[in-house]
Each structure stands twice: as C-alpha cells, then as structure tokens.
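Asks: 989 is the number that the numbering used here gives the last residue of the sequence shown; the numbers go up by one with no jumps.
From the three backbone atoms N, C-alpha and C, an ideal C-beta is built for every residue, glycine too.
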Amino acid sequence: MELSEHIKTANVEDAVLRQPLHPAARGTLCVTGHHLLFSDREESSPQHFLLLLRNIDAIEKRMSGSSGTITIKCKDLCVLQLDIPGMEQCLNIARSIETLSCLENVSEMYPFFYRPSDQSLKDQWGLSSTEKHYSQMTDLHDRWRVSSVNRDYSVCPTYPQAVIVPKDINDEMLVKAAKFRHGGRFPVLCYYHRKNGMVIMRSSQPLTGANRKRCREDELLLQAVIDGSDKGYIIDTRSSQQAQQARMTGGGFESKSCYSCWKRLHRQVERGKALQESLIKLVEACGNDSHNMDRWLSKLENSKWLSHVQTALSTAGLLAECVERDGHSVLVHCSEGTDSTLLISTVAQLIMDPCCRTLEGFLALLEREWVQAGHPFQKRCAHSAYSHARLQQESPVFLLLLDCVWQLLHQFPLALGFSEALLLRLATEAYASSYGTFLCNSDKERSVAILSMKTLCLFQALLRPKERRCYANPLYERTELAIWPSVHPQSLQLWRGYFLRWTQQARHLEEAQEEIRNMVILWEKMFEYVCFNFFMLS
Numbered sequence: 452m453e454l455s456e457h458i459k460t461a462n463v464e465d466a467v468l469r470q471p472l473h474p475a476a477r478g479t480l481c482v483t484g485h486h487l488l489f490s491d492r493e494e495s496s497p498q499h500f501l502l503l504l505r506n507i508d509a510i511e512k513r514m515s516g517s518s519g520t521i522t523i524k525c526k527d528l529c530v531l532q533l534d535i536p537g538m539e540q541c542l543n544i545a546r547s548i549e550t551l552s553c554l555e556n557v558s559e560m561y562p563f564f565y566r567p568s569d570q571s572l573k574d575q576w577g578l579s580s581t582e583k584h585y586s587q588m589t590d591l592h593d594r595w596r597v598s599s600v601n602r603d604y605s606v607c608p609t610y611p612q613a614v615i616v617p618k619d620i621n622d623e624m625l626v627k628a629a630k631f632r633h634g635g636r637f638p639v640l641c642y643y644h645r646k647n648g649m650v651i652m653r654s655s656q657p658l659t660g661a662n663r664k665r666c667r668e669d670e671l672l673l674q675a676v677i678d679g680s681d682k683g684y685i686i687d688t689r690s691s692q693q694a695q696q697a698r699m700t701g702g703g704f705e706s707k708s709c710y711s712c713w714k715r716l717h718r719q720v721e722r723g724k725a726l727q728e729s730l731i732k733l734v735e736a737c738g739n740d741s742h743n744m745d746r747w748l749s750k751l752e753n754s755k756w757l758s759h760v761q762t763a764l765s766t767a768g769l770l771a772e773c774v775e776r777d778g779h780s781v782l783v784h785c786s787e788g789t790d791s792t793l794l795i796s797t798v799a800q801l802i803m804d805p806c807c808r809t810l811e812g813f814l815a816l817l818e819r820e821w822v823q824a825g826h827p828f829q830k831r832c833a834h835s836a837y838s839h840a841r842l843q844q845e846s847p848v849f850l851l852l853l854d855c856v857w858q859l860l861h862q863f864p865l866a867l868g869f870s871e872a873l874l875l876r877l878a879t880e881a882y883a884s885s886y887g888t889f890l891c892n893s894d895k896e897r898s899v900a901i902l903s904m905k906t907l908c909l910f911q912a913l914l915r916p917k918e919r920r921c922y923a924n925p926l927y928e929r930t931e932l933a934i935w936p937s938v939h940p941q942s943l944q945l946w947r948g949y950f951l952r953w954t955q956q957a958r959h960l961e962e963a964q965e966e967i968r969n970m971v972i973l974w975e976k977m978f979e980y981v982c983f984n985f986f987m988l989s
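Dropping the structure here:
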C-alpha cells in the first residue's frame, strides 16, 4: 500500500498552529508520507514548520462545532496544537497522522527517502568495525583474537559478525558457550584498559536453570580472560533475588563452585517497564503548570528518575573502580545483555578512558556499544512518554545513558569534548531520525535491510565540519585522569535542557550557553591572532 493512500486530506487552508515559545500562526497545513508541513501567511517573512511524523508519540482530537483541534504530543516532549476548520478535514488529518507516525515496515520509513544535497549514499557508513577496533589495540594481540564465528549471525542474532575473544578459545568452544547464554550472547571483550591490561567483557545471563546446569566451554572462556590473575569480578545488574528467580525460568547466574576465580556482585539497575513508567511520571511532573514547589518536588521524587540515574552512575563507577583501581577484569551482564549491560559498560568507559571523551571517540563508543552490540532501538524507542498504546518493549535505556553522560558533563565541564547540544540531538534522533543509524534492533536486521547502502549514517554527519563546530565543547581540556562522578543526591541535577527544553526558562539557559560558547570561540581566535603576530614580529 502506498503511503499516499493513507492521506485523505493533503492540504488545509486557514489552519492555526500553536507551539511552545512562538506566537500562534495562521496558514496552510500539508500532510506528506513522512512530514507535517505548516506555512504561515506572513508575506514579509514567511515561516515554515516541518515535523517528522515519526516524532509523534500521541495525538488527541477535540471537536467543536464545525471545526476541530488536534493536540500533537511528540517523542522529543514538544506539545503542539492545530486548529483545523472543518470536522471532516480534522478527522482525516488525525487518521493520517495516527497511521503514518506508526509505520512498522522499516523500508517505508523516512531514512530510506532522505537525500540531502550535501550528502551521498556513497559516503562511508559507520565510524569503525570490530576489526579496526582490534587493530588499534596492539597490546591485545598476544592473548586475544578476532573471531568470525558469527559471520552469518547463526550463533548470536544480536551480535555483530566479528567479536573479540581470548586466543585460547576456538570457534567450536564459542558455539557451545553461546548455547549456554541467553540469546547466544556469550562473553566478548568490549574494552581494554591500556594502563594495566585489564578488560571489560559483556554477555547475557547463563542458562543454568533450576537444575544448575553448567557449561565447561563457558567456564574455560572466562578462565582464559583472567589467565595469570588471581580473580575477576562479575557485575550482575539484577538483584540477587531477581537472579535467583531467573533460575526458575531457565536463566540464572555463575555459581561460585563453577567459576571459583570470579566474585559476583549484584547491583540492580532498572530497565523495561519500570524505567518507562518512571519517564512517564517525570514528564508528567515537568508538564505540571502548578506553581507549588513542594508538589512539584514530590512528583519529581515519586518518578524515581534521578534514583535510576544515581544507580546507573554508581554501578558504572563500581565497574570502573574494579578495573582502574583494583586492577581486575570484569564481566558485566543482566538478563538479555542488551540494555543495562550496555549502559553500565559505556559510562564506565567514559569514566576511565579519555579517548572515549572526545567528540569522535564518544560517537564511536556509542556505535560500538549500542548500535553494533545489539541494543534494540526500534523496540525500545517505539514510543516515548505520551503514548496511549499499551507498553510492549519500550524502555528509555538510551535516554538514561544520555542523562548519565550529561551528569558527567555537568560535574566535569572541561573533561568532555562534546557539548549538551550533541546529547539533545542524539536523544531526538534515537526516537525519530532522518538517518538510518538507529533503525532496526540489531546488526543482523540492518544487514538484511541493507541500511549501509540505502540510508545515511548519523555519526558521519555529526562529524562534518559544520556540525562538529556546533557540537564540540569549546571549554574542553583533555585529561588522562579518570573522572569519578559524585552520586550524592545533591550532586545530581534534573536534565533541564531535555526535560524542560520547551519552556522559556530552558530557552533563556540555551541562549546564555550559546553566548558563552561564542565568547570562548572569539577569545580563542583572538589569542591565536596575538600569538601569530608575536611570532612574526619576533
């Protein structure tokens, strides 16, 4: 079915658009297969408003006489209102929005049609690969290798085709270890700490079950990781009780008797439904027009969002401490290994590794730890905080990651090479994008959809000179030291730039930050000019 067949009314004259921080505007509303386009009637300086339909989370209709109003609630938390003359026109527009904003066929989505004049499908797709990442870590080569055991995605459908594993473990052993792990996600290397040679591994839970099954190949794999060391740590992002209960449904944990050199630590990091409901409550609190501060603070606390931020940061800090300070390798996993596992490993790498804190290094980290590692973006970001649909597999784990990174940026404003603007852009793109980077749920699905040949790469676009200037942190000063975040409640702040981004207060803050940014850039140029003249005169 063609997208145009979902559009009964393509144009409406004399519509009124009301959006945050702008006066109401009257003009023409157009509906296309992927966008809402509004053009006002200002002859001197006509304004155009373009909204990607994929960004719409929910709509509400209200009829009054012969006209109607559509309230549009977006995944980026913006709320718009359209006043449309004519009841039939209003209902037609609403039906089109409801259908076209929830397309399920990946090939019908906008990234397959987005063709800006300054970018080409021939441009490089992605920043790195497992092989390239391995080649940059020469110290690894004595004990580790790149395995293509998953070249056809048959061993683990959510892993990339190549993974880094201990040299002593052959591919046949990896296949057997994969059968012992949920979804086939056997332990693979995701980070090598150059300072002391320790590593971070990630996986899913072992399938020990109620009968306490074991897998010799899995045990040998983990033993090979810590060969020559007295012990390693396993950080399980479930509570001890949750891990015990998982055994009743075929899951489980690594027993002390089978993994004697590994010490297991449980730190419950929420995900799934609990995290989604927390986001809904937080957004509801932030949208409350009440000026009662006590009531607002109570709603903020009841949402538990900052508690989730605190838990994520403290668990990542524990992981970094095991590697950086204690000098031990760590395996981190939850049940599936596609959510809180990736969250904790990513934040820990930011804490320890200055290379991950540059603009390009951070984007490469996200590509490696989220896109290639199999975070199911399409399932988790199908809806945001406003949707009336019944929750399926939605969960704002990636948004929680970005919030944790913002907390690091807030506490260490000179240590990260990118700005808050980049985090806001990534948060928006994860839910609705013109690029193919966050489409699908795994490397396998992207390969089947041939995304690398049919869509453009967001990360490559963000590193173009013009974009780089927008997202670089002008205050950045590289430090080789680890940046240890404070997780005391008074140290954690509500990410106002995101959750209050459509308020006047946030806009004033954004303008002030932009002014500071311009002043710093101007000062740098003046300093360079003075140094150049001094050099020439001397």
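Give me the Cα-Cα distance between Thr879 and Arg665, rounded to the nearest whole angstrom.
Replies: About 43 Å.
Asks: When the Cα atoms are used, what is the spatial distance from Arg929 to Cys807?
Replies: Approximately 11 Å between the Cα atoms of the pair.
Asks: Any idea which residues DSSP pairs Gln532 with across the strands?
Replies: Looking at the DSSP assignment, Gln532 forms a beta bridge with Arg469, Thr522.
Asks: Beta-carbon within less than 6 Å of Val798's beta-carbon, same chain only, minus the 5 sequence neighbours each way: which residues are those?
Replies: Result list for Val798: Ala767, Cys855, in chain order.
Asks: Spatial neighbours of Glu511 within its chain, please: CB distance less than 6 Å, with the 5 preceding and 5 following residues excluded, ordered by chain position.
Replies: Excluding positions up to five away in sequence, the list reads Thr522.
Asks: Starting from the Cα of His592, find the closest Cα among Val530, Leu764, Glu582, Ser898 and give me that residue.
Replies: Here the closest residue by C-alpha is Glu582.
Asks: Do His485 and Tyr561 have their CB atoms nearer than 8 Å?
Replies: Going by C-beta atoms, His485 is nearer than 8 Å to Tyr561.
Asks: Would you identify the three-state DSSP class for Met514, choosing helix, strand or coil?
Replies: If DSSP states are grouped into helix, strand and coil, Met514 belongs with the strands.
Asks: If we call anything under 8 Å between Cβ atoms a contact, is Lys573 one with Arg594?
Replies: Result no, Cβ atoms of Lys573 and Arg594 do not sit closer than 8 Å.
Asks: When you compare only the Cα positions, how much space is there between Ser903 and Arg897?
Replies: About 8 Å.
Asks: Please determine if the stretch 665 to 679 and the stretch 626 to 636 are in contact, where contact requires at least 3 C-beta pairs separated by less than 8 Å.
Replies: At 8 Å Cβ cutoff, the stretches touch.
Asks: For my contact list, Glu720 and Thr789 are in at a C-beta cut-off of 8 Å; report their separation, rounded to the angstrom.
Replies: Position check: residue 720 holds Val in this sequence, whereas Glu was assumed. Actually they are not in contact, since the Cβ atoms of Val720 and Thr789 sit about 13 Å apart, beyond 8 Å.
Asks: Skipping 5 residues on each side, what residues in its chain have a beta carbon closer than 6 Å to that of Leu531?
Replies: Closer than 6 Å at Cβ, skipping near neighbours: Gln470, Ile523.
Asks: Using DSSP bridges, identify the partner residues of Phe500.
Replies: Per DSSP, Phe489.
Asks: Report the CB separation of Ile535 from Ser518 in whole angstroms; it is logged as a contact under 8 Å.
Replies: With a Cβ gap of about 6 Å, Ile535 and Ser518 count as contacting.
Asks: If we ignore side chains and look at the alpha-carbon of each, how far apart do Leu913 and Asp745 end up?
Replies: Straight-line Cα distance between these residues: approximately 41 Å.
Asks: Please identify the residue among Trp713, His759, Gly703, Glu493 whose C-alpha is closest to the C-alpha of Lys724.
Replies: Residue His759 is the option with its Cα nearest to Lys724.
Asks: May I ask you to report which of helix, strand or coil DSSP gives Met538?
Replies: Helix.
Asks: For Glu918, collect the residues of the same chain with a Cβ closer than 7 Å to its Cβ; drop the 5 residues on either side in sequence, then sort them by chain order.
Replies: If we look at Glu918 and ignore the five residues flanking it on each side, its Cβ neighbours are Ala912.
Asks: In chain order, what residues of the same chain lie with their CB nearer than 8 Å to the CB of Tyr922, ignoring the 5 residues before and after it?
Replies: Correct list, in chain order: Leu810, Phe869, Ser870, Ala872, Leu873, Arg876, Leu913.
Asks: Thinking C-alpha only, which one of Ser786, Gly648, Val822 is nearest Leu1068?
Replies: No information on residue 1068 is available, as it lies outside the stretch 452 to 989 that the chain covers here.
Asks: Would Val848 pass as a contact of Ser780 if the rule is Cβ separation under 8 Å?
Replies: It is not a contact, given that the beta carbons lie outside the stated cut-off.
Asks: Is it the case that the Cβ atoms of Gln862 and Ser765 are separated by a distance below 8 Å?
Replies: Cβ atoms of Gln862 and Ser765: not closer than 8 Å.
Asks: Out of Ile458, Glu456, Ala476, Lys459, point me to the one whose CA is closest to Asp465's CA.
Replies: The residue with the shortest Cα to Cα distance from Asp465 is Ala476.
Asks: Would you kindly work out how many angstroms separate the C-alpha atoms of Asp622 and Gly634, rounded to a whole number?
Replies: Approximately 17 Å, taken between the alpha carbons.
Asks: Given Pro608, which residues of its chain have a CB within under 8 Å of its CB, disregarding the five upstream and five downstream residues?
Replies: Gly634, Gly635, Ser893, Lys895, listed in sequence order.
Asks: Locate the alpha helix (DSSP H) running through Pro916, then write down its first and last residues.
Replies: Looking at the DSSP string, the run of the alpha helix (DSSP H) that includes Pro916 is 916 to 922.
Asks: Apart from the five residues on each side of it in sequence, which residues of its chain come closer than 7 Å, Cβ to Cβ, to Leu801?
Replies: Counting only Cβ-Cβ distances below 7 Å, and skipping sequence neighbours, we find Cys807, Arg808, Val856, Leu859.
Asks: Compare the C-alpha of Val734 against each of Glu705, Ser605, Arg952, Leu770 and name the closest.
Replies: For Val734, the nearest C-alpha among the options comes from Arg952.
Asks: Once the 5 residues before and after Gln944 are set aside, which same chain residues still bring their CB inside 8 Å of it?
Replies: For Gln944, where only same-chain residues beyond five positions count, the Cβ hits under 8 Å are Gln858, His861.
Asks: What does DSSP give as the partner residues of Met652 in its beta bridges?
Replies: Per DSSP, Leu640, Leu782.
Asks: CA-CA distance, Ser655 and Ser729?
Replies: Distance between the alpha carbons of Ser655 and Ser729 is about 24 Å.
Asks: Looking only at its own chain, which residues have a Cβ that is under 6 Å from the Cβ of Gln612, when we skip the five neighbours before and after it?
Replies: Hits under 6 Å: Asn601, Arg602.
Asks: As an exercise, report each continuous alpha helix (DSSP H) stretch of at least 4 residues that is fully enclosed by the stretch 533 to 591, in chain order.
Replies: Entirely contained in the stretch 533 to 591, the alpha helix (DSSP H) runs reaching 4 residues are, in chain order, 538 to 551, 581 to 586.
Asks: Rounded to the nearest angstrom, what separates Met588 and Glu775 at their Cα positions?
Replies: Distance between the alpha carbons of Met588 and Glu775: 18 Å.
Asks: Where does Lys526 land, buried or exposed, given buried means 16+ other C-beta within 10 angstroms?
Replies: Classification of Lys526: buried, given that the 10 Å Cβ count is 16 or more.
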